[in-house]
Each structure stands twice: as structure tokens, then as C-alpha cells.
Amino acid sequence: MDGDPESLEDGIQLEFDLARLELADARRAFLADDSPASRQRVDECRARLDRILDMWNDVLVTTAWSVHSPAG
48 MDGDPESLED
58 GIQLEFDLAR
68 LELADARRAF
78 LADDSPASRQ
88 RVDECRARLD
98 RILDMWNDVL
108 VTTAWSVHSP
118 AG
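For the sequence shown, the numbering used here begins at 48 and goes up steadily by one.
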């Protein structure tokens with residue numbers, strides 16, 4: 048990944064926070080209305096969080112690699 052690692056981390060943190068709030072809202076809606084549509088929304092929110100966490104892991108690995116790799 049290219050870019051400033053700190054700004055990438057900040058962006059991912061913001062995305063995670065928003066996705067977490069969206070999941071909480073979807074779960075409340077699901078509890079009020081157990082329908083296929085509300086279940087699908089919860090599943091989509093969880094999938095979004097998984098993608099965000101994958102991005103977070105990629106940034107951490109890339110950052111750790113660049114910090115610990117010897118200067119060429």
C-alpha cells in the first residue's frame with residue numbers, strides 16, 4: 048500500500064467506527080423485524096467489517112515490513 052501509514056490507519060479507523068455503528072443499527076433493526084432483508088443487512092455489515100479488518104492487517108504488515116527492512 049502506498050501513502051502515509053498514519054493517514055491510512057486513521058482512514059481505516061474511521062471506516063471501522065462507521066461500519067461498527069452501522070452494524071449496531073442493523074442488529075437493532077433485525078431484533079425489531081426478523082426478516083430476510085434485515086438478516087441480509089446484518090450479514091452485509093459483518094462482511095464490510097471483515098474487509099476493513101483485512102485492510103487494517105495489510106497496513107500493519109506493510110508498515111512493520113517497511114520499518115524492519117534494512118535500508119538498501
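Just so you know, even glycine gets a beta-carbon here, dropped at the ideal spot from N, CA and C.
Contacting residues, own chain, Cβ-Cβ under 7 angstroms from residue i (five flanking each side not counted)
i	result
E62	I99
E56	V106
Of the residues the options, the one placed nearest residue i, counting alpha carbons only
i	options	result
R67	S54, D80, R95, A76	R95
Contacting residues, own chain, Cβ-Cβ under 6 angstroms from residue i (five flanking each side not counted)
i	result
L70	C92
A73	R88, V89, C92
Neighbourhood of residue i by C-beta distance below 8 angstroms, restricted to the same chain and skipping five residues each side
i	result
R86	F77
Contiguous alpha helix (DSSP H) assignments of at least 4 residues, all confined to the segment 66 to 115: Within the segment 66 to 115, the complete alpha helix (DSSP H) runs of at least 4 residues are 83 to 115.
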